[in-house]
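Read through the structure below, which is laid out as structure tokens, and then see the notes.
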């Protein structure tokens, strides 16, 4: 064997390292048991999400595109005044993120309202309002297909840990936790509805039950009332922290926004 291909040569060692990295990556891919809620849906529901011509959430996306270009009379500014259209590519997948002004994590809808208040001098939209959901859906769709990637920011660590504690905490008169339903019983059914793994890959999304678009916080509050617990208010730090933990739990999964669910 020549010195160039000796087992001790730098070239040989580099080949071995690359081979091992590829092998480890393949094994990790095979052992990743995470599944998007989309995979638990009936074929008819999946078809609605796949087809932009049929997906009812696209009505909100179109409204969001119009709002993106609408000038606020108080500031003579639109979102598009400060941001190019393609600048939103990859933004939604990073939220919740740290906000310097409030010294706390904020989700995407809160970021939109902060910009609306601070840069457009407009009154923030009400949580779950048509306008806020529409603009959030438009921004989220710009990251569709990209991997969820919350920022690796040390300032977020404490909030993420608190969110994790909430995920495993039993609550309500039924004394249940998020973990019990979405990890232990994922894939089974609650009544007629499948129980997904609770990965936030498609929010905001259109629920046939709601006959409209809704945020992840709306879904979390529904779960809290479902186990007969007092739900946190929209925008409560606890909900944002739970969102942050769920985003970290789904790191690397593709964003599907806007999704369709039963």
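Residue numbers (this note's numbering): -3 to 258. Beta carbons: idealized from backbone N, C-alpha and C, even for Gly.
Does the Cβ-Cβ distance between residue i and residue j come in under 9 Å?
i           : j           : result
residue 216 : residue 235 : yes
residue 56  : residue 134 : yes
residue 139 : residue 87  : yes
residue 131 : residue 78  : no
residue 210 : residue 201 : yes
residue 63  : residue 127 : yes
residue 239 : residue 109 : no
residue 32  : residue 182 : no
residue 147 : residue 94  : yes
residue 156 : residue 249 : no
Out of the options, which has the shortest C-alpha to C-alpha gap to residue i?
i           : options           : result
residue 174 : 157, 194, 103     : 194
residue 245 : 92, 257, 124, 181 : 92
residue 170 : 221, 155, 28, 45  : 221
residue 232 : 186, 60, 105, 65  : 105
residue 241 : 163, 208, 185     : 163
residue 30  : 184, 73, 186, 179 : 179
Measure the beta-carbon distance from residue i to residue j and round it to whole angstroms, keeping in mind my assumption that it falls under 8 Å.
i           : j           : result
residue 112 : residue 101 : Contact doesn't hold; Cβ gap of about 19 Å is too wide.
residue 53  : residue 258 : 14 Å between Cβ atoms; not a contact.
residue 243 : residue 196 : 6 Å
residue 68  : residue 99  : 26 Å between Cβ atoms; not a contact.
residue 90  : residue 154 : Not a contact, Cβ separation roughly 18 Å.
residue 223 : residue 152 : At roughly 27 Å, the Cβ-Cβ gap does not stay under 8 Å, so residue 223 and residue 152 are not in contact.
residue 115 : residue 83  : Incorrect: roughly 14 Å between the Cβ atoms, too far for contact.
residue 226 : residue 159 : 18 Å between Cβ atoms; not a contact.
Tell me, please, which residues DSSP counts as bridged to residue i.
i           : result
residue 208 : 203
residue 257 : 203
residue 250 : 143
residue 73  : 68
residue 95  : 100
residue 190 : 185
residue 108 : None, per the DSSP bridge assignment.
Could one say the Cβ of residue i lies closer than 9 Å to chain B's Cβ atoms, at least one of them?
i           : result
residue 134 : Judged by its chain identifiers, the structure shown contains no chain B, having just a single protein chain.
Inset, instruction - Would you check if the stretch 180 to 194 and the stretch 34 to 52 touch, i.e. whether three or more CB-CB distances between them fall below 8 Å? - result: Touching, yes.
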